[in-house]
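Each residue of the sequence shown is one higher than the one before, counting from 667 in our numbering.
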Amino acid sequence: MTATQPDVEADVLVIGAGQAGLSAAYHLARRGFVPATGVASATSVAPSTRPPAAPWTYAVLDAEEGPGGAWRHRWKSLRMATVNGISDLPGIPKPEVDPLEPSSEFLTRYFSDYEHQLGLAIQRPVKVRTVSRQDADPFGRLGIETSAGSWNARAVINATGTWSRPFWPVYPGQFTFHGRQLHVADYVSAEEFRGQHVLVVGGGISAVGLLDEISKVTSTSWFTRREPVWRDDDFDQKAGHDAVALVEERVKLGLPPQSVVAVTGLLWTPTLRAAEKRGALNRRQMFTAIEPGGVRLADGGYLGADVILWATGFRAELEHLAPLHLRGPGGGIAMAGTQVAAEPRVHLVGYGPSSSTIGANRAGRAAVAGIVRFFEGQHESHD
């Protein structure tokens, strides 16, 4: 009989090493947390703000094969000149940007250099399968089952993002379509659609960006459930703050978060103005059904199609947290900042209001500050 391998222990386990996870790791190291036993040592993080005696430990588990998070999978035509605003990671600013470089290459390199320079305690590829309570003690440890063994931790910072959970709406006749259906998560380039009629479904930034790109090489039609809301004014700091506040209010109430873009609307850019002049942004009301050769229109008419590209967004990757039963009656997870209201040992970063890059940075810092307060409160209660 083989002996059961003991759990690897850490005080804090970060799940995911995208922008939010790296921010959390940076602030853990800045607070004096050290790598858990058996995890690569951090060597270059800025001086700690916490005394070195009896340091707390941390580790980051990342399911990817290498650095970069979701940026590793973005399509090559998404270049730094057109990608939505990307904030610097904490402590090390982005290097000089070549606007023509694919964002997947630039940001993967930036994330890789960041991890290396700071010596962050990251293990990969490690897929977290479940997080569960080990006992009824609200201050006890959480059990984490992974593809590389079992862990336990006093607190978890979940930074798994959304890229691995593309959302596919369901429409009548969807599986009868003879053409190709794909989600933006599977998009490679417009060239593969040359000579075909492509239906783009969705009202967000990805939809209009890909409409611009694909319409330059072939015919397209654009479908959305609601009339898109366009902004002519600048999206300033106040507008961004107000938009995030609306998303935050939903998660406080335990409702599923909306994307920040759903609140802010779409911004006109010179590129999109040019797409509008080509007729690529002539929006149609959502079709009612899918047929073998096309779609049935809202007015009863028919439109033939070769490809349906679903630019319909993503959902938070939280299935590994299901054993904790965090979702409430509203379908979402009630939050107090980054902390799950019903489970103080769990923080969600890159979720809801912190799903933007600047929000992810702030959430990483806030989560670590909250965990330090939680640990210190436990210590004081035992004195």
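A virtual CB, placed ideally from N, CA and C, is assigned to each residue, including glycine. None of the values given here were measured: they were computed from a predicted structure.
Beta strand (DSSP E) containing residue 1090: first to last residue?
Missing from the structure shown is residue 1090; the chain here goes from 667 to 1049 and no further.
Among residues of its own chain, excluding the 5 on either side of residue 718, which ones have a beta-carbon nearer than 7 Å to its beta-carbon?
Here residue 718 corresponds to residue number 52 of the sequence shown, with the count starting at 1. Here residue 718 scores only 45 on pLDDT, less than 50, and its place in the model is too uncertain to base an answer on.
Mind checking who residue 815 pairs with in its DSSP beta bridge?
Along the sequence shown, one-based indexing puts residue 815 at 149. Paired residues: 812.
Under a three-way DSSP split, which group does residue 803 fall into?
In the sequence shown, residue 803 corresponds to position 137, counting from 1. Residue 803 falls in the coil class under three-state DSSP.
Residue 1015 and residue 815 - do their beta-carbons sit closer together than 8 Å?
To locate residue 815, count along the sequence shown from 1; it is residue 149. To locate residue 1015, count along the sequence shown from 1; it is residue 349. Cβ distance not < 8 Å, so residue 815 and residue 1015 don't count as in contact.
Taking DSSP as the reference, what is the three-state secondary structure of residue 824?
On the sequence shown, residue 824 is found 158 positions in, with the first residue counted as 1. Annotated three-state conformation of residue 824 is strand, per DSSP.
For the stretch 761 to 777 against the stretch 817 to 834, do three or more pairs of beta-carbon atoms, one drawn from each stretch, fall closer than 8 Å, so that the two count as touching?
Segment contact: the stretch 761 to 777 against the stretch 817 to 834, fewer than three CB-CB distances shorter than 8 Å; contact not assigned.
Got a sec, what are the start and stop residues for the alpha helix (DSSP H) residue 937 sits in?
Indexing the sequence shown from 1 puts residue 937 at position 271. Bounds of the alpha helix (DSSP H) holding residue 937 are 936 to 943.
Enclosing beta strand (DSSP E) for residue 723 [first to last residue]:
As a working note, residue 723 is residue 57 in the sequence shown. Taken as a continuous stretch (DSSP letters only), the beta strand (DSSP E) holding residue 723 covers 723 to 727.
Quick one: any contact between the stretch 956 to 968 and the stretch 869 to 879, if contact means 3 or more CB pairs under 8 Å?
Judged by Cβ distances under 8 Å, the stretch 956 to 968 makes no contact with the stretch 869 to 879, as fewer than three pairs qualify.
Within a Cβ cutoff of 7 Å, which residues of the same chain sit near residue 857, ignoring the five residues on either side of it in sequence?
Along the sequence shown, one-based indexing puts residue 857 at 191. Excluding positions up to five away in sequence, the list reads 883.
Of the residues 996, 784, 871, 778, which one's Cα is nearest the Cα of residue 935?
For this step, residue 935 is matched to residue 269 along the sequence shown. Nearest to residue 935 by C-alpha distance, out of 996, 784, 871, 778, is 871.
By the three-class DSSP mapping on this structure, what secondary structure does residue 718 have?
One-based indexing of the sequence shown puts residue 718 at position 52. Here the model assigns residue 718 a pLDDT of 45, short of 50, so the residue's position is not dependable, and the following value carries that caveat. In this structure, DSSP gives residue 718 a state outside helix and strand, which the three-state scheme calls coil.
Who are the near neighbours of residue 972 in its chain, counting only those whose CB is closer than 8 Å to its CB and skipping five residues on each side?
Reading the sequence shown from its first residue, position 306 is the one you call residue 972. The beta carbon of residue 972 sits closer than 8 Å to those of 845, 846, 859, 862, 863, 864, all from its chain and outside the five residues before and after it, given in chain order.
Local Cβ density within 10 Å of residue 841, reported as buried at 16 or more and exposed below that:
In the sequence shown, the residue the question calls residue 841 occupies position 175. If you draw a 10 Å sphere on the C-beta of residue 841, you find fewer than 16 other C-beta atoms in it, and that means exposed.
Cα separation between residue 678 and residue 752?
Counting from one through the sequence shown, the residue named residue 678 turns up at place 12. Counting from one through the sequence shown, the residue named residue 752 turns up at place 86. Looking at the two C-alpha atoms, the distance is approximately 27 Å.
Around the C-beta of residue 968, are 16 or more other C-beta atoms found within 10 angstroms, so that it is buried, or is it exposed?
On the sequence shown, position 302 is the one that residue 968 refers to. Burial call: exposed.
Rounded separation between residue 746 and residue 736 - CA only
Working through the sequence shown from its first residue, we reach residue 746 at position 80. Working through the sequence shown from its first residue, we reach residue 736 at position 70. Taking the straight line joining both Cα atoms gives about 15 Å.
Quick one, are the C-beta atoms of residue 889 and residue 953 less than 8 Å apart?
For the purposes of this step, residue 889 is taken as the residue at position 223 of the sequence shown. For the purposes of this step, residue 953 is taken as the residue at position 287 of the sequence shown. Cβ distance < 8 Å, so residue 889 and residue 953 count as in contact.
Ordered along the chain, which non-local residues of its own chain (more than five positions away) have a Cβ less than 6 Å from that of residue 1043?
Residue numbering aside, residue 1043 sits at position 377 when the sequence shown is read from its first letter. Result list for residue 1043: empty, nothing under 6 Å.
Buried or exposed for residue 728, please, with buried defined as at least 16 other CB atoms from any protein chain shown within 10 angstroms of its CB.
Here residue 728 refers to the residue found at position 62 when the sequence shown is read from its first residue. So residue 728 ends up on the buried side.
Would you decide whether residue 1037 is buried or exposed? Buried here means 16 or more other CB atoms lie within 10 Å of its CB.
Here residue 1037 is taken as the residue at index 371 of the sequence shown, counted from 1. Residue 1037 comes out buried.
Proximal residues to residue 898 (C-beta, below 7 Å), its chain only, five neighbours per side dropped:
In the sequence shown, the residue the question calls residue 898 occupies position 232. Setting aside the 5 residues that flank it on each side, residue 898 is surrounded in the same chain by 934, each with a C-beta closer than 7 Å to its C-beta; the list follows chain order.
For a minimum of 4 consecutive residues, which ranges assigned as the alpha helix (DSSP H) are wholly contained in the stretch 735 to 761?
Complete alpha helix (DSSP H) runs here, min 4: none at all.
By the 10 Å Cβ neighbour count, where 16 or more other Cβ atoms means buried, how is residue 741 classified, buried or exposed?
For this step, residue 741 is matched to residue 75 along the sequence shown. Buried, since its Cβ has 16 or more Cβ neighbours within 10 Å.
Of the listed residues 788, 881, 977, 836, nearest to residue 943 (C-alpha basis):
Indexing the sequence shown from 1 puts residue 943 at position 277. Per the Cα distances, 881.
Whole angstroms is fine: what's the gap from residue 682's alpha carbon to residue 827's?
Here residue 682 refers to the residue found at position 16 when the sequence shown is read from its first residue. Here residue 827 refers to the residue found at position 161 when the sequence shown is read from its first residue. Going by the C-alpha atoms only, they are around 8 Å apart.
Close Cβ partners of residue 1010 (< 7 Å) along its chain, the five nearest in sequence each way excluded:
For this step, residue 1010 is matched to residue 344 along the sequence shown. Shown here for residue 1010: same chain residues with a beta carbon closer than 7 Å to its own, the five before and five after excluded, namely 1040 in chain order.
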